[in-house]
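Enquirer: Heads up: the sequence lines are chains A and B, in that order. Anchor point for the first sequence: position 273 equals 746 in the numbering used here, and the numbering is continuous, going up by one each time. Anchor point for the second sequence: position 137 equals 161 in the numbering used here, and the numbering is continuous, going up by one each time. Using N, Cα and C, we set each Cβ at its ideal position, and we do this for glycine too.
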Amino acid sequence: MSKVLDELQTMYRTMYLIRRSEEEAARAYSQGKVGGFLHLYIGQEAIAVGAEAAIEKTDYVITTYRDHGVALARGSSPRAVMAELFGKDTGLVRGLGGSMHLFDAEHRMLGGHAIVGGHLPLAAGVAFRARYMKESFVTLCFLGDGATNIGGFHEGLSLAGLWKLPVVFICENNRYSMGTPLSRTTPLADLTVKAAGYGLAADRFEGNDVIVVRDRIKLAVERARSGGGATLVEVLTYRFRGHSMSDPGKYRSAEELEEYKRKADPCALARNQLVASGIAEEQIAALEREVEAQVADSIQFADESAPAARSSIDAFAYASGSSV
Amino acid sequence: MRQLRYRDALREAMIEEMERDDRVFLIGEEVGHYQGAYKVSQGLLERFGERRVVDAPIAEAGFAGLAVGAAMVGLRPIVEFMTWNFSLPAFDQIVNNAAKIHQMSAGQFRIPVVFRGPNASARQVAAQHSHAVEAFYCNVPGLYVVYPSTPRDAKGLLKTAIRDDNPVLFLEGETLYGIQGDVPEVGQEELIPFGSANVVREGRHVTVVSFGRPVPMLVKLADQLEQEGISMELIDARSLRPLDTATIVASVKKTNRCVVVHEHWPYGGPGAEIVDRIQREAFDYLDAPVLRASNLDVPMPYALNLENEVIVTPERVRAAVRQVLYLD
Ligand SMILES: Cc1ncc(C[n+]2csc(CCOP(=O)(O)OP(=O)(O)O)c2C)c(N)n1
Ligand SMILES: [Mg+2]
Numbered sequence: 474m475s476k477v478l479d480e481l482q483t484m485y486r487t488m489y490l491i492r493r494s495e496e497e498a499a500r501a502y503s504q505g506k507v508g509g510f511l512h513l514y515i516g517q518e519a520i521a522v523g524a525e526a527a528i529e530k531t532d533y534v535i536t537t538y539r540d541h542g543v544a545l546a547r548g549s550s551p552r553a554v555m556a557e558l559f560g561k562d563t564g565l566v567r568g569l570g571g572s573m574h575l576f577d578a579e580h581r582m583l584g585g586h587a588i589v590g591g592h593l594p595l596a597a598g599v600a601f602r603a604r605y606m607k608e609s610f611v612t613l614c615f616l617g618d619g620a621t622n623i624g625g626f627h628e629g630l631s632l633a634g635l636w637k638l639p640v641v642f643i644c645e646n647n648r649y650s651m652g653t654p655l656s657r658t659t660p661l662a663d664l665t666v667k668a669a670g671y672g673l674a675a676d677r678f679e680g681n682d683v684i685v686v687r688d689r690i691k692l693a694v695e696r697a698r699s700g701g702g703a704t705l706v707e708v709l710t711y712r713f714r715g716h717s718m719s720d721p722g723k724y725r726s727a728e729e730l731e732e733y734k735r736k737a738d739p740c741a742l743a744r745n746q747l748v749a750s751g752i753a754e755e756q757i758a759a760l761e762r763e764v765e766a767q768v769a770d771s772i773q774f775a776d777e778s779a780p781a782a783r784s785s786i787d788a789f790a791y792a793s794g795s796s797v
Numbered sequence: 025m026r027q028l029r030y031r032d033a034l035r036e037a038m039i040e041e042m043e044r045d046d047r048v049f050l051i052g053e054e055v056g057h058y059q060g061a062y063k064v065s066q067g068l069l070e071r072f073g074e075r076r077v078v079d080a081p082i083a084e085a086g087f088a089g090l091a092v093g094a095a096m097v098g099l100r101p102i103v104e105f106m107t108w109n110f111s112l113p114a115f116d117q118i119v120n121n122a123a124k125i126h127q128m129s130a131g132q133f134r135i136p137v138v139f140r141g142p143n144a145s146a147r148q149v150a151a152q153h154s155h156a157v158e159a160f161y162c163n164v165p166g167l168y169v170v171y172p173s174t175p176r177d178a179k180g181l182l183k184t185a186i187r188d189d190n191p192v193l194f195l196e197g198e199t200l201y202g203i204q205g206d207v208p209e210v211g212q213e214e215l216i217p218f219g220s221a222n223v224v225r226e227g228r229h230v231t232v233v234s235f236g237r238p239v240p241m242l243v244k245l246a247d248q249l250e251q252e253g254i255s256m257e258l259i260d261a262r263s264l265r266p267l268d269t270a271t272i273v274a275s276v277k278k279t280n281r282c283v284v285v286h287e288h289w290p291y292g293g294p295g296a297e298i299v300d301r302i303q304r305e306a307f308d309y310l311d312a313p314v315l316r317a318s319n320l321d322v323p324m325p326y327a328l329n330l331e332n333e334v335i336v337t338p339e340r341v342r343a344a345v346r347q348v349l350y351l352d
């Protein structure tokens, strides 16, 4: 198989893994195995996966509470992710963070963050290290469309622009911030105009085709890596589920939702691309079965793991000792 | 009296005050078209229109500051924070502007703003979404802080808050919204003054002082202790700043023992303030040190089994009560 096709197949596999993990997480939530808030990534898979394909393992990523897709795309263990949602000791952060706070140092995943906009200055700080130490890594920072209104967004971009920091801000415009459509949170139709105010480069495109996402994010990543500074990328997308599990989604019509599912399902699109490139249906089905087994294994692992350990309650409020 | 849910009592207070005074308006995320993240503002948009029920983008510092500015020139905003956790990006507006402008301007400008929303853990929402903010804000002169635990207090205190000419921080509870309780009939207006504690239950052996979310749990505990022969007096401070020292001290002088129960972290805060006032004003009446039962001194974990230990539990209160009674 060609390298191009191989890459597409790998990306589809990850997207399908995210899709199926999310569906199972939703089921586990309705069974009471997952608590708190659960924000699903279904409909937006091409963005995390395409972006991951545009960077190196040595680059860093930071995101919002809608973080499962990003963690899985980075390479976090599906078992550890699911166990975290289940609040187990084997979870990515030992049951301390849950759905909204997936951190994975090994995979350079700097967390899911739950205060809107709060993580953008962090992303600038991570990129600051690259500049400070003259290192070549790039930082990707995911955010929602609703986040472009809060101070953290503006201050983060301000600093990234001023010091030409190697960071790419990826605004996943899924057209709603909770129950509010974009038209009622900003008078702008194009969010990238906000980049100009802080001297950032900008790009804007539909984000359902994983190849398009990869190639366009690559441009911004190359700009960052070669000293060209930060970029604000607006990726147009749509979430197929409610804002979180507790949102019945009454603010949008069933027709609108169905329309996007029909026309803009990133998983279906990637699958069709595989078929169109001549990959045999049986080969795709085999890959999907493999993913199914992996997801089932993650659920079983999460189910059977021991609950979060009592000793974790006060083990981590402070770092002990000194690392220098 | 009729039965009303806490959430509906809050809504009634807003409706009555908005009908009474055109200068009162509600602003916050999802308060209008979405009908409120926790449905406190359900139906208000339909009733009052977009002029007075304002959906704001995610810009807490912006709309909190906007409310302070509007208040300086005569409007009376109610700011809904989707939860109090999201007041932290607006901390500067609340502390530096809302709390200070009246004093800095030598009384030329008043800041009649109510900031309201659910406080403390909503269950399993982890460290960034579980703040009990009373300890941060009670430290600030210029602010009033109230935290009702019943539908009646929710309504009566919110009406007072809206009519007050000072910035009032009004703490609610996500797990309180659904509780039912007695509320005066429509037309029987009740304004509950700040600085008045509520003696929820009289008792002889020990005074338990609390506020906000733990109160319903303590009512149940009082029943259980009664059966074990311990008569517990329960005081709901409900107004934290100003604080009704007199009611608390009078109770302690009667029972000679006290446990203070709260959700905020144990370092300082209104919990510690209450203890300090008791030791100053009732020292000679105390038969045991005043103890506190609170959330543990750690960021809130997500896992249910851990969260259940971190949030103040009836078992911890019971242990403290037994300890001040020297039963163990
Ligand atoms: C400062 C702050 N305010 C409010 C919230 C509550 N909240 C969580 S997500 C959200 C909507 C965010 O929308 P958007 O940025 O478009 O991201 P999406 O959820 O669509 O991915 C809101 C209002 C929050 N977490 N933080
Ligand atoms: Mg959005």
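Hey, quick one: how far does the beta strand (DSSP E) through I535 (chain A) stretch, first residue to last?
Expert: Taking the first sequence and counting its residues from 1, one reaches residue 535 (chain A) at position 62. First-last of the beta strand (DSSP E) with I535 (chain A): Y533 to T537.
Enquirer: Can you tell me whether K278 (chain B) is helix, strand or coil according to DSSP?
Expert: Counting from one through the second sequence, the residue named residue 278 (chain B) turns up at place 254. Residue state, collapsed to three classes: helix.
Enquirer: Starting from P313 (chain B), follow the beta strand (DSSP E) in both directions and report where the run begins and ends.
Expert: Within the second sequence, numbered from 1, the residue matching residue 313 (chain B) stands at position 289. Element bounds for P313 (chain B): n/a, residue is neither H nor E.
Enquirer: Report back the beta-carbon spacing between Q127 (chain B) and G166 (chain B) to the nearest angstrom; my notes put them in contact at under 8 angstroms.
Expert: Taking the first residue of the second sequence as position 1, residue 127 (chain B) is located at position 103. Taking the first residue of the second sequence as position 1, residue 166 (chain B) is located at position 142. About 6 angstroms; that satisfies the 8 angstroms criterion.
Enquirer: Let me confirm a value: T531 (chain A) is counted as buried when at least 16 other C-beta atoms fall within 10 Å, else exposed. Which label applies?
Expert: Translated into positions along the first sequence, residue 531 (chain A) becomes position 58. Exposed, since its Cβ has fewer than 16 Cβ neighbours within 10 Å.
Enquirer: Can you tell me where the alpha helix (DSSP H) holding A151 (chain B) begins and where it ends?
Expert: Locating residue 151 (chain B) in the second sequence gives position 127, where the first residue counts as 1. No alpha helix (DSSP H) holds A151 (chain B); DSSP gives it neither H nor E.
Enquirer: For F559 (chain A), write down the residues that DSSP places opposite it in a beta bridge.
Expert: Taking the first residue of the first sequence as position 1, residue 559 (chain A) is located at position 86. None, per the DSSP bridge assignment.
Enquirer: Let's see if you can read the secondary structure: which residues bound the alpha helix (DSSP H) around F87 (chain B)?
Expert: Taking the first residue of the second sequence as position 1, residue 87 (chain B) is located at position 63. Run containing F87 (chain B): E84 to M96, per the alpha helix (DSSP H) assignment.
Enquirer: Could you list the residues in the region 98-110 of chain B with a C-beta less than 8 angstroms from some C-beta on chain C, going in chain order?
Expert: This model lacks chain C altogether, as its protein chains are A and B.
Enquirer: Beta carbon of D247 (chain B), beta carbon of A221 (chain B): below 9 angstroms?
Expert: Here residue 247 (chain B) refers to the residue found at position 223 of the second sequence. Here residue 221 (chain B) refers to the residue found at position 197 of the second sequence. It is not a contact, given that the beta carbons lie outside the stated cut-off.
Enquirer: For F615 (chain A), which residues does DSSP report across the bridge?
Expert: Taking the first sequence and counting its residues from 1, the one referred to as residue 615 (chain A) is at position 142. Beta-bridge pairing links F615 (chain A) to A:I643.
Enquirer: I'd like to check one pair, V341 (chain B) with P238 (chain B): are the Cβ atoms closer than 9 angstroms?
Expert: Along the second sequence, read from residue 1 onward, the residue named residue 238 (chain B) stands at position 214. Along the second sequence, read from residue 1 onward, the residue named residue 341 (chain B) stands at position 317. For P238 (chain B) and V341 (chain B), yes; Cβs fall inside 9 angstroms.
Enquirer: Please state the DSSP three-state secondary structure of S263 (chain B).
Expert: For the purposes of this step, residue 263 (chain B) is taken as residue 239 along the second sequence, with counting starting at 1. In this structure, S263 (chain B) counts as strand in the three-state DSSP scheme.
Enquirer: With 16 other CB atoms within 10 Å as the buried threshold, where does K607 (chain A) fall?
Expert: Reading the first sequence from its first residue, position 134 is the one you call residue 607 (chain A). Answer is exposed; the Cβ neighbour count stays below 16.
Enquirer: Quick one: does L18 (chain B) have its CB under 9 angstroms from some CB of chain A?
Expert: Any property of residue 18 (chain B) remains undetermined from this structure, which presents chain B solely from 25 to 352.
Enquirer: Does at least one heavy atom of ligand 1 sit under 8 angstroms from the Cβ of T537 (chain A)?
Expert: Along the first sequence, read from residue 1 onward, the residue named residue 537 (chain A) stands at position 64. Correct: T537 (chain A) has its Cβ closer than 8 angstroms to ligand 1.
Enquirer: So which residues touch the region around ligand 2, with touch meaning a C-beta under 6 angstroms from any heavy atom?
Expert: Result (chain order): A:G617, A:D618, A:G619, A:N647, A:Y649 and A:S650.
Enquirer: Could you run through the region 65-86 of chain B and flag, in chain order, every residue whose CB is less than 9 angstroms away from some CB of chain A?
Expert: If the cut-off is 9 angstroms between Cβ atoms, the region 65-86 of chain B has D79, A80, P81, I82, A83, E84, A85 and G86 near chain A.
Enquirer: Can you have a look at F105 (chain B) and say buried or exposed, based on whether 16 or more other CB atoms are within 10 angstroms of its CB?
Expert: For the purposes of this step, residue 105 (chain B) is identified with residue 81 of the second sequence, where counting begins at 1. Classification of F105 (chain B): buried, given that the 10 Å Cβ count is 16 or more.
Enquirer: List, in chain order, every chain B residue whose beta-carbon is nearer than 7 angstroms to that of R802 (chain A).
Expert: Chain A is shown only over 474 to 797; residue 802 (chain A) falls outside these bounds and no answer can be derived.
Enquirer: With a CB to CB cut of under 6 angstroms and the five nearest residues on each side skipped, what residues in its chain are close to A85 (chain B)?
Expert: What you label residue 85 (chain B) is simply residue 61 of the second sequence in a count that begins at 1. These residues qualify, in order along the chain: P113, A114 and Q117.
Enquirer: Give me whichever residues DSSP pairs with G197 (chain B) in a beta bridge.
Expert: Within the second sequence, residue 197 (chain B) is the residue found at index 173, counting from 1. Beta-bridge pairing links G197 (chain B) to B:N143.
Enquirer: Can you name the residues of chain A whose CB is closer than 7 angstroms to the CB of Q148 (chain B)?
Expert: The sequence position of residue 148 (chain B) within the second sequence is 124, counting from 1. By Cβ distance, chain A contributes G508, G509 and G571.
Enquirer: Where does V210 (chain B) fall in DSSP's three states?
Expert: Here residue 210 (chain B) is taken as the residue at index 186 of the second sequence, counted from 1. The answer is coil: DSSP assigns V210 (chain B) none of H, G, I, E or B.
Enquirer: Assign A327 (chain B) to one of two classes, buried (16 or more other C-beta atoms within 10 Å of its C-beta) or exposed (fewer than that).
Expert: Numbered from its first residue, the second sequence carries residue 327 (chain B) at position 303. That one is buried.
Enquirer: Can you tell me the Cα-Cα spacing of S275 (chain B) and Q27 (chain B), whole angstroms?
Expert: Locating residue 275 (chain B) in the second sequence gives position 251, counting from the first residue. Locating residue 27 (chain B) in the second sequence gives position 3, counting from the first residue. Those two C-alpha atoms are separated by around 29 angstroms.
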